[in-house]
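Step one of this worksheet: look at the structure below.
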């Protein structure tokens with residue numbers, strides 16, 4: 519049996535094993551959604567916020583609802599295991615087995631995310647249905663497919679991004695504390711809290727160039743109608759470019775890092 523398929527299935531089982539933790543993680547997204555909804559309602563009720571931020575009231579509400587869920591979905595966690603394997607010698611058992619460590623972690627990561635992805639799509643379907651019926655959001659099946667495709671690419675991009683950070687363990691003694699800082703910063707700059715393009719065209723251009731917005735903001739703006747199809751196509755190309763760039767970077771870091779690995783512990 520293909521070992522990577524087994525790892526993928528084990529990832530699914532691991533995600534479903536801790537069902538209460540899984541549900542509590544999703545419920546933790548409710549509080550920031552409520553706070554942001556009140557905030558946006560206040561801002562749009564007291565000023566010409568649509569002209570100021572570039573989003574209509576309906577678009578910003580849909581963004582708030584979905585961005586929090588998408589940022590929860592693309593959130594990683596495997597980087598702590600990578601750090602532990604390199605620090606304590608647990609990497610030894612993977613080096614002597616016929617598996618590639620990067621693909622092992624990738625299959626495990628996607629396996630853990632599959633139940634969350636299906637649940638997110640169910641919740642998103644309800645939110646989008648509400649937005650179409652109540653808020654008048656225009657939506658087509660093609661835009662829904664583009665949203666799902668962008669989510670899968672966002673997962674892959676975020677995996678390689680955090681895998682690069684995790685491989686710093688070859689050079690630093692312990693990078694556990696770094697993960698929390700990087701995670702918080704990336705949630706903000708990816709548009710998980712609010713869309714970064716509300717700060718003006720120059721900031722928007724910067725974040726269209728950088729990879730971070732393609733893990734959250736790009737996906738959500740597909741479904742809320744903020745992007746036209748030309749921008750969607752460009753966004754997909756940027757996602758693929760950054761995935762390839764970080765994948766090559768992880769390959770280089772792995773090759774260089776193994777020369778420093780002392781294989782103690784384990």
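Residue numbers (my numbering): 519 to 784. Each residue gets a CB set at the ideal place from its N, CA and C atoms; glycine is no exception.
(message) If contact is defined by three or more beta carbon pairs under 8 Å, each pair taking one atom from either stretch, is the region 629-641 in contact with the region 606-615?
(response) Touching, no, given that fewer than three Cβ pairs across the two stretches are closer than 8 Å.
(request) Using beta-carbon positions only, say whether residue 559 and residue 687 come within less than 8 Å of one another. (result) One thing to note: residue 559 has its Cβ no nearer than 8 Å to the Cβ of residue 687.
(message) Once DSSP output is grouped into helix, strand and coil, what is the label at residue 575?
(response) Shown here, residue 575 sits in a helix according to DSSP, grouped into three states.
(request) Report all residues from its chain with a CB closer than 8 Å to the CB of residue 765; omit the five preceding and five following residues, and keep chain order. (result) So the qualifying residues of the chain are 678.
(request) Decide if residue 616 is buried, meaning its Cβ has at least 16 other Cβ atoms within 10 Å, or exposed. (result) Here residue 616 is exposed: its Cβ has fewer than 16 other Cβ atoms, across all protein chains shown, within 10 Å.
(request) Could you tell me whether any non-hydrogen atom of the ligand GDP is closer than 7 Å to the CB of residue 595? (result) The model on display carries no ligand, and the ligand GDP is accordingly not part of it.
(message) Residues in the same chain with beta-carbon distance under 6 Å from residue 592, minus the five sequence neighbours each way, listed in chain order, please.
(response) Closer than 6 Å at the Cβ level, and outside the excluded window around residue 592, lie 672, 673, 676, 733.
(request) Keeping to the same chain, check which residues put their C-beta closer than 6 Å to that of residue 619; ignore five residues upstream and five downstream. (result) Excluding sequence neighbours, residue 619 sits near 612.
(request) Give every residue of the same chain whose Cβ lies closer than 7 Å to the Cβ of residue 664, excluding the five residues on either side of it in the sequence, and list them in chain order. (result) These residues qualify, in order along the chain: 740, 750.
(message) Less than 8 Å between the beta carbons of residue 753 and residue 769, yes or no?
(response) Taking 8 Å as the Cβ cut-off, residue 753 and residue 769 do not qualify as a contacting pair.
(request) Tell me whether residue 689 is buried or exposed, calling it buried when 16 or more other Cβ atoms sit within 10 Å of its Cβ. (result) Residue 689 is exposed by the Cβ-count criterion.
(message) Applying the 10 Å Cβ sphere with the 16-neighbour rule, what's the burial state of residue 702?
(response) Taking a 10 Å sphere around the C-beta of residue 702, we find fewer than 16 other C-beta atoms and assign the residue as exposed.
(message) Between the alpha carbons of residue 573 and residue 525, how many angstroms are there, rounded?
(response) In a straight line, the C-alpha of residue 573 is about 42 Å away from that of residue 525.
(request) Classify residue 760 as helix, strand or coil using the three-state DSSP reduction. (result) Collapsing the DSSP output to three states places residue 760 in a helix.
(request) With a floor of 4 residues, list each alpha helix (DSSP H) that falls wholly inside the region 686-745, ordered by position along the chain. (result) Counting whole runs of 4 or more residues, the region 686-745 contains the alpha helix (DSSP H) stretches 694-707, 719-727, 735-741.
(message) My parser needs the beta strand (DSSP E) runs of 3 or more residues fully inside the region 589-661; what are they?
(response) Taking 3 residues as the minimum length, the region 589-661 contains no beta strand (DSSP E) run wholly inside it.
(request) Identify the continuous alpha helix (DSSP H) that holds residue 527 and give its terminal residues. (result) Run containing residue 527: 521-535, per the alpha helix (DSSP H) assignment.
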